[in-house]
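Everything on this sheet refers to the single structure shown next.
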Amino acid sequence: MAQHAGNDNYDSPYHFNAKEVDPETGYHYYGARYYNSNLSVWLSVDPLADHPNQVDKSPYSARW
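So my numbering is basically just the index in the sequence shown, starting at one, shifted up by 18.
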């Protein structure tokens, strides 16, 4: 539940796209990998990186 932070902001576990921050790691969990929002990076390779329909050959992104 969101708590009022004392200013005009709310302290909510949900952020940009409704993903919660994992309290143990401090990272956003997306079901297959973690995202560090402070550095704006994924912490692992996309699990679909070797999929045959992969257009972009970067292992850090999947576009269909």
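All C-beta atoms in this analysis are idealised placements derived from N, C-alpha and C, irrespective of residue type, glycine included.
This structure is a prediction, so every number in the text was calculated from the model and none was measured.
To the nearest angstrom, how far is it from the Cα of Trp60 to the Cα of Glu38?
Start at 1 with the first residue of the sequence shown, and residue 60 comes out as number 42. Start at 1 with the first residue of the sequence shown, and residue 38 comes out as number 20. C-alpha separation (whole angstroms): 15 Å.
According to the Cβ coordinates, are Thr43 and Tyr52 closer than 8 Å?
Translated into the one-based positions of the sequence shown, residue 43 becomes position 25. Translated into the one-based positions of the sequence shown, residue 52 becomes position 34. Contact flag set, yes.
What do you get for His69, buried or exposed, if any count of 16 or more other CB atoms within 10 angstroms of its CB means buried?
Along the sequence shown, read from residue 1 onward, the residue named residue 69 stands at position 51. Its Cβ having fewer than 16 others within 10 Å, His69 is exposed.
Would you mind reading off the limits of the beta strand (DSSP E) that contains Asn56?
Here residue 56 is taken as the residue at index 38 of the sequence shown, counted from 1. Segment: none, Asn56 is in no beta strand (DSSP E) and carries neither H nor E.
If we ignore side chains and look at the alpha-carbon of each, how far apart do Leu57 and Leu66 end up?
Working through the sequence shown from its first residue, we reach residue 57 at position 39. Working through the sequence shown from its first residue, we reach residue 66 at position 48. Leu57 and Leu66: Cα-Cα distance of roughly 22 Å.
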